[in-house]
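Just so you know, we're using our numbering here: the sequence shown kicks off at 6 and counts up by one. Notes to accompany the following structure.
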Amino acid sequence: MNTTGIGYDVHRFVEGRPLVLGGIEIAHDRGLDGHSDADVLSHAIADAILGAAGERDIGHFFPNTDESIRGISSLDILRHIRENLAAKGVAIINIDATLVAEEPKIAPHLDRMKEALSTALALTPDRIGIKATTNEGMGFIGRGEGIGALAVASVERP
Ligand code: MG
6 MNTTGIGYDV HRFVEGRPLV LGGIEIAHDR GLDGHSDADV LSHAIADAIL
56 GAAGERDIGH FFPNTDESIR GISSLDILRH IRENLAAKGV AIINIDATLV
106 AEEPKIAPHL DRMKEALSTA LALTPDRIGI KATTNEGMGF IGRGEGIGAL
156 AVASVERP
């Protein structure tokens, strides 16, 4: 059967960390805080895929209390999830995601993000949607305190 899932994540900006979004590093004066590389887009996508597969969330499989995965690449998280689901006969059909960020500009990086995600998810880039919007200056995202991401995924499962 085909099922869909939803994912949401948010991470706070901090000084002194690289900004990783959609599996690529983007030049910026601040990065996102987190136990992993804090790739908020990949995390939302991971939860969407896990949700579509009827599994528990990313924090269950990759807890921020696990020192062995400190600094883990979120592309590796996506790859692990894809492989573990494939072993259960679950195949990802497509994902679609929206980044909510006041800065930096996302559009110049979309193609590279799609490429990185398509490799990790073993999907052709035309099955990956990434959109970006601002929060129109409102709220914590509008004040530039962090970045949010939403995603949906559909999978084919036994
Ligand atoms: Mg996260």
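Each residue gets a CB set at the ideal place from its N, CA and C atoms; glycine is no exception. Keep in mind it's a predicted model, so treat the numbers as computed, not measured.
Can you tell me whether residue i is helix, strand or coil according to DSSP?
i, result
"LYS119", "helix"
"ASN69", "coil"
"ARG75", "coil"
"ARG192", "Since the first residue of the chain shown is 6 and the last is 163, residue 192 is not available in this structure."
"GLY142", "coil"
"ARG162", "coil"
"GLU30", "strand"
Between residue i and residue j, how many whole angstroms is the CB-CB distance? I'm expecting something under 8 Å.
i, j, result
"ASP101", "GLY134", "4 Å"
"GLY149", "GLU107", "5 Å"
"HIS48", "ASN69", "HIS48 to ASN69, Cβ: 11 Å. No contact."
Measuring only from the beta carbon, is residue i closer than 7 Å to any heavy atom that is part of the ligand MG?
i, result
"GLY39", "yes"
"ASP81", "no"
"HIS48", "yes"
"VAL25", "no"
"ASP71", "no"
"HIS16", "yes"
"VAL105", "no"
Find out if the Cβ-Cβ distance for the pair residue i, residue j is shorter than 8 Å.
i, j, result
"ALA51", "ILE86", "yes"
"VAL160", "ALA57", "yes"
"ARG22", "LEU37", "yes"
"GLY5", "LEU122", "Outside the displayed range of the chain (6 to 163) lies residue 5, so it cannot be described from this structure."
"ALA43", "VAL25", "yes"
"PRO109", "ILE31", "yes"
Please tell me whether residue i has its Cβ less than 8 Å away from any Cβ of chain E.
i, result
"ILE135", "Note that chain E does not occur in the displayed structure, where there is just one protein chain."
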